[in-house]
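In the numbering used here, the protein residues as written are 37 to 318. Even for Gly, the Cβ is constructed at its ideal location relative to N, Cα and C. Comments concern the structure below.
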Ligand SMILES: [Zn+2]
């Protein structure tokens, strides 16, 4: 089996003059073990983030994402494969790669039983990726209100976390549970859904987690996390998306409406990501 970072882009995917995409990382040390392994997102000197980061050369604060111009080390500019639209590809470079890497690292493939908890920016892409990888894909949601959306995204089933009988029936069922819930929450119910030797990957909320080790012991279950991605993973994800017609659901707003976008984000009023069009700054 090849590792998730053994990836060479196919030149036939790109056309001369194609757009390039920049994610949430614009630089890294390039020489530490993580960088050499193709995991620049885990750079031991911390990667330079696109916005609010510290430039490695002059110490200034990086101002990408909310600006028309970027300073980016060339290796962090990814050619956008033919067929991907810039606006709907933009969230792939952060939310997308954050869910893509654990799915690949955990070996998700045809027939893997995958559950995705939380159907938002991260979750809707996790469902699309898992389904396109051939996994039996289930969405876990607080209510049945997102059932139609889950099906549209490619999920085969929706499990309601508030329904105790449904949750009990799904005990020890999933090889991989991708938890994208953004707020602190009890992980025990989700660990209970993990199958023998399976993994719960916590992606939505970073911070302290309380758990009973017996919930890991029984079933040899594993707990993992992930965030952003390295260069080979990002390039392979973009190619996979072009091959499978996958992109994020976006609402495009002119950059002048950035405050409206941020207000609505706070209320959770977006399906599932905003893309800001900077051309109004020209
Ligand atoms: Zn490094």
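- Item | Candidates 239, 48, 242, 213, of which the one nearest residue 319 by Cα | Since the displayed the chain opens at 37 and closes at 318, residue 319 lies outside it and no answer follows.
- Query: Apart from the five residues on each side of it in sequence, which residues of its chain come closer than 6 angstroms, Cβ to Cβ, to residue 256?
  - Reply: So the list reads 233, once near-sequence residues are dropped.
- Item | Buried or exposed by the 16-neighbour rule on C-beta atoms within 10 Å, applied to residue 304 | Residue 304 should be labelled exposed.
- Would you report the Cα separation of residue 210 and residue 153, rounded to the nearest angstrom? Those two C-alpha atoms are separated by around 12 angstroms.
- Closer than 8 angstroms: residue 269 CB and nearest ligand 1 heavy atom: Not so, every heavy atom of ligand 1 lies at least 8 angstroms from the Cβ.
- Query: Which value, in whole angstroms, describes the spacing of the CA atoms of residue 206 and residue 243?
  - Reply: Residue 206 and residue 243 have their alpha carbons spaced roughly 27 angstroms apart.
- How should residue 37 be labelled, buried or exposed, when 16 other C-beta atoms within 10 angstroms of its C-beta is the threshold for buried? Residue placement at residue 37 is poorly supported in this model, since its pLDDT is 41, which falls under 50; the coordinates are not used for a value here.
- Excluding five sequence neighbours on each side, which residues of the same chain lie with their C-beta closer than 6 angstroms to the C-beta of residue 195? Excluding residues within five positions, the ones whose Cβ falls inside 6 angstroms are 174, 176, 202, 206.
- Query: Taking residue 286 as the reference, which of 121, 112, 48, 250 has the closest Cα?
  - Reply: Of 121, 112, 48, 250, the residue nearest in Cα terms is 121.
- Message: Is it buried or exposed, residue 102, if we count other Cβ atoms within 10 angstroms and call 16 or more buried?
- Response: Looking at its Cβ environment, which holds fewer than 16 other Cβ atoms inside 10 Å, residue 102 is exposed.
- Message: Could you check if residue 67 belongs to the surroundings of ligand 1, using beta carbon to heavy atom distance under 8 angstroms?
- Response: Yes - ligand 1 has a heavy atom lying nearer than 8 angstroms to the Cβ of residue 67.
- Helix, strand or coil for residue 294, going by three-state DSSP, please let me know. DSSP places residue 294 in helix when its eight states are reduced to three.
- Can you tell which of 299, 277, 294, 289 has its C-alpha closest to the C-alpha of residue 129? Among 299, 277, 294, 289, the Cα nearest to that of residue 129 is on 277.
- What is the C-beta distance between residue 271 and residue 50, in whole angstroms, given that I count them as a contact (C-beta under 8 angstroms)? Residue 271 to residue 50, Cβ: 11 angstroms. No contact.
- Task: Examine the Cβ distances between the segment 279-295 and the segment 305-314 and report whether three or more of them are shorter than 8 angstroms.
- Result: Between the segment 279-295 and the segment 305-314, the count of C-beta pairs closer than 8 angstroms reaches three or more; the two stretches touch.
- Message: Suppose you measure from the CA of residue 227 to the CA of residue 240; what does that come to, to the nearest Å?
- Response: Cα-Cα distance, rounded: 15 angstroms.
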